[in-house]
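For what it's worth, my numbering labels the leading residue of the sequence shown as 8, then goes sequentially. Take a look at the structure set out below.
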Amino acid sequence: MSSSVLWPGDGDSPCQERHEDGAGRSRMGVNSMSPPPPPRLPVALLVLLGAAGGLFVFTAWLRLAGFPLPAGLGELQTLPVSATSAACAWWAARHAPGKARRSWQRYALALSTWALGDAVIALYGFFLPEAEPPVLSWADGFYILFAPLMAWAMFGLLRPPRGPQLVRLLLDIGTVVITVFVGLWHFVYAGTVAASSARLGEVLVNLAYPLQDALLISLVLLIAFQARVPLARAAITCFYLAFLANLVGDVGYAALLPAPGSPAAQATDLTFALCLSGLGLAALLGVARPGVSGAAFPQQTTTLSPYVAIVLCFSLLLGQSGTFTLRTYGDLFGTALVTLAVVLRQNLAFHENRRLTAELARRASQDPLTGLANRALLETRLAEAIGRARAAGEHVALLFLDLDRFKAVNDSLGHDVGDQLLVAVAQRLRQALRPVDTLARQGGDEFLVVLPCLARAGDAGQHARKLLEVLDTPFQVAGRPLVVTASVGMAVFPRDGADSVTLQKHADVAMYRVKAGGRSGYQTFSPEMLAAARELDLEQALRAALARGEFELHYQPQIRAGRGAVGVEALLRWRRGGELHPPGPFIALAEDTGLIVPIGAWVLREACAQFAAWRADGLELERVAVNVSARQLGEPDFPEVVLGALRTAGLPPHCLELELTESAVVRDVPGATRQLAQLRALGVRVALDDFGTGQSSLSLLRRMPVDVLKIDRSFVASLEAEGESVAVIRVVIALAQTLGLDLIAEGVENARQWEALRDLGCPTAQGYFFAAPLPAAEVRAWLGRSQGARLARETGLDR
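Here is the structure:
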């Protein structure tokens, strides 16, 4: 939380405007102005406070120097400081905002009681200058009232936490305060009380002052231990100094018992004057300089303080002799209180930790929106149900329920309405289940149901129908009726899976089959659904592959007799899960889903860029061939995509060869002709791939703007048999020569095939006999290897 956010109860939110109606009540508005600025520091009060302090120091110097003072003036020296401090507090009470005003009023009342005590002492000095000051007077009553009133005020100003946190904080503070009191009692106050008269009043007053000190120390610790204090650091520093000065003064007075006017008395009075000045200045700064401060001590300090307190108290107790004195009884009583506070603190911490552990366990196993079990708890329940069913020979069903068109609710009515609908659906589904069943929300609009103790596998369908029936009645959400349907997939143990993971997967597959079939129904898993699920998984992975950069191109050299490598064909590969996959399994799916369009555009850009880089490095290759699908060719902007790839790479059009299958062309001959003619006119070459395997016709070749025929690998593979394939290849070669087309044979695997092709009149080929498809980084090395010359000799490339 930002420090700019007000502490609860400090006033109105800075994002809201406070208005006063006719009855004096306040109302809040969201279209607000900023809250009023804090008041300025009152210069007059600051000057008056400084003057009162200066007057105190001046009169103290006069008394210490031995100058005779008028009767009663010595007793009057503290009154201006206390009265001015009280005036500062009343100014703060008047200008404080909101609920803080009441706390500052209590603060001013506390300082006023001190000033009244000083006034009583001054009256004694004026009217009874020669009399011995009484041991007990009305002044003591006013002084003793100061501490509880100040504690009441500070408790309101600091706004400590409530509930168990407050109890824990008070126990921590109480432990330290009692320990300090035990130390003061042991070293100072025990002797003072023992030396006092036997009158009960004197004893009570002598005990009241150390109790007052303990209470003020608790205020210091309340400020120091609290994680967030709604006061600025300057005001808090004044509080620290003021309460410390008061403690030093009380302890010094009790230890020294100074005579009035003595140097010791002046020193103790100075600490009281410093205390009053600090409290007055704190009031001014607390209102005029608002802010928020953090804890003065780290959490480790508050954690260790109870144990340190016990050690100190027992050390004082054990360090005494065997005689029981007043000091011993006080130490014993204080040590017992500290021990009790620590025991209570530990007991509270134990119960709080147990509560938090239970709360964490609940949150870890519960959906925060609907209160249903979450997936983690469901998996535990499912595993337990499977174990019991395996032992008892029963069945367990897992239902995967997905709300239909729930996204439309969120998009049109908002997520708040969607959340309300989910809660209502969860309540209705829960009512339709048995006590032994487990209903869980997996997330979004998906629910899972575990149905244990089924006698027959077919019983799961009855439960699925019941769940769908309870959703038939429209839901009343946000004042409108909403109709909800759901798709439910089911998997039953042991028929559809022997473990929880398999059951969840199969129930999910069955649910998606319901979605694909029109929604609003249920289906039980069957093995035939897995093929569709695998295809769906492949499609999802394929959609993400391009964005993740999982595609790469390999290049297979194209060899011409007598010249060597004249070009390369770019072949797509998919590196998925660390393995390299050829295009066969996914190209057809990409074609069906339309993903081939962005993938094909990437292939064009990548191949052109790589070939341009090779040309810039001096590699003497004529062209790069890229396969184009029917879906790409049918896109209206296909020519612009091709030209854009060439333009971006800075590659001349004649360096690019587009390979199309006969089936891609036959699908839309006029459209394909139009697209290819536009590109061919700019210099892009066109090759007809797998020629001879499809619906080849002379009229098609005459109409299509084709530059190259590629002889299919199936004919090349059977060349050595000297059968029908040889005749087909002769016809294709003759046709190409007649039409003036180039020829490339695919799939050459050995030297005999290559020799036969050359003898038949096909001078250009590609295949594993020459080189497998290579990554771009290896193409240069393959072309430059010294083995290239030997390969030329062995394969007849030099002929």
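By construction, the Cβ of each residue, glycine as well, lies at the ideal position given by its N, Cα and C atoms.
TODO: In the DSSP assignment, find the alpha helix (DSSP H) that holds V673 and state where it starts and stops.
DONE: 669–673
Open item on the list: With H, G and I counted as helix, E and B as strand and the rest as coil, what does DSSP make of G425?
Closed with: helix
Open item on the list: How far does the beta strand (DSSP E) with S494 in it extend, from its first residue to its last?
Closed with: 493–500
TODO: Output the distance between the C-alpha atoms of V350 and N381, rounded to the nearest integer angstrom.
DONE: 38 angstroms
TODO: Give the secondary structure of D544 by DSSP, where H, G and I count as helix, E and B as strand, and everything else as coil.
DONE: helix
Task: Buried versus exposed, by CB contacts within 10 Å (16 or more), G827 - done: In the structure as shown, the chain begins at 8 and stops at 806. Residue 827 is therefore absent and cannot be evaluated.
Task: Among P237, A274, V739, T387, the one whose alpha carbon lies nearest that of A252 - done: A274
Open item on the list: Rounded to the nearest angstrom, what separates Y247 and T332 at their Cα positions?
Closed with: One C-alpha to the other measures close to 34 angstroms.
Open item on the list: Using only the alpha-carbon positions, how far apart do S225 and I180 sit?
Closed with: Between the C-alpha atoms of S225 and I180 there is a straight-line separation of about 6 angstroms.
- [ ] Please state whether DSSP places Y562 in a helix, a strand or coil.
- [x] In the structure shown, Y562 sits in a strand (DSSP, three-state: E or B).
Task: Same chain, Cβ closer than 6 angstroms to W121, neighbours up to 5 away in sequence not counted - done: S89, F153
Task: Coarse secondary structure for R555, derived from DSSP in three states - done: R555: helix per DSSP, three-state reduction.
- [ ] Assign A485 to buried or exposed, taking buried as 16 or more other Cβ atoms, counted over all protein chains shown, within 10 Å of its Cβ.
- [x] exposed
TODO: Could you say which of D411, T364, V443 lies nearest to E391 if we only look at CA atoms?
DONE: V443
Open item on the list: Our contact map puts V490 next to P481 with C-beta atoms below 8 angstroms; I'd like the distance itself, whole angstroms only.
Closed with: 5 angstroms
TODO: Just grab the DSSP bridge partners of Y519 for me.
DONE: In the DSSP output, where bridge partners are listed per residue, Y519 has none listed.
Task: For F250 and A221, believed in contact at Cβ under 8 angstroms, the rounded distance - done: Incorrect: roughly 11 angstroms between the Cβ atoms, too far for contact.
Task: Where the alpha helix (DSSP H) through P49 begins and ends - done: P49 -> no alpha helix (DSSP H), and no H or E assigned at all.
TODO: Entirely within the region 706–747 and at least 4 residues each: give me those alpha helix (DSSP H) ranges in chain order.
DONE: Counting only runs of 4 or more, we get 720–724, 731–746.
Open item on the list: If you measure between the beta carbons of A619 and I606, is that distance less than 8 angstroms?
Closed with: no
- [ ] Indicate whether the contact test is met: 3 or more Cβ pairs, each with one atom in the region 625–637 and one in the region 573–583, closer than 8 angstroms.
- [x] yes
TODO: Mark R70 as exposed unless 16 or more other C-beta atoms lie within 10 angstroms of its C-beta, in which case mark it buried.
DONE: buried
Task: Residue from A608, P592, G256, F413 with nearest C-alpha to R526 - done: F413
TODO: Assess, as a yes-or-no matter, whether the region 556–568 is touched by the region 498–518 under the definition of 3 or more beta carbon pairs within less than 8 angstroms.
DONE: As far as the Cβ criterion goes, the region 498–518 does not touch the region 556–568, which means the pair count is below three.
Task: Inter-residue CB distance, C245 and L292 (contact presumed, cutoff 8 angstroms) - done: A Cβ-Cβ separation of about 6 angstroms places C245 in contact with L292 under the 8 angstroms criterion.
TODO: Return the chain-ordered ranges of every alpha helix (DSSP H) run that is complete within the region 568–625 and spans a minimum of 4 residues.
DONE: 591–600, 603–623
- [ ] Let me know if P780 comes out buried or exposed under the rule of 16 or more other beta-carbons within 10 Å of its beta-carbon.
- [x] When all chains shown are included, P780 counts as buried.
TODO: Would you grab the beta carbon distance between G425 and V416 for me? Rounded to a whole angstrom, and I think it's under 8 angstroms.
DONE: 5 angstroms
Open item on the list: Please report the distance separating the alpha-carbon of A396 from that of A498.
Closed with: If you take the alpha carbons of A396 and A498, they lie about 14 angstroms apart.
Task: Contact check, M518 vs F407, beta carbons under 8 angstroms - done: yes
TODO: Indicate the three-state DSSP secondary structure (helix, strand or coil) for G528 in the structure shown.
DONE: strand
- [ ] Specify the secondary structure class of E664 as computed by DSSP and reduced to three states.
- [x] strand
- [ ] For the region 84–98 and the region 46–61, state whether three or more C-beta atom pairs, one from each stretch, are separated by less than 8 angstroms.
- [x] The region 84–98 is in contact with the region 46–61.
Task: R169 - DSSP class collapsed to helix/strand/coil - done: The DSSP-derived three-state label of R169 is coil.
- [ ] Identify whether D479 lies in helix, strand or coil by the three-state DSSP scheme.
- [x] coil
Task: Per DSSP, cross-strand counterpart(s) of A632 - done: In the DSSP output, where bridge partners are listed per residue, A632 has E576, E664.
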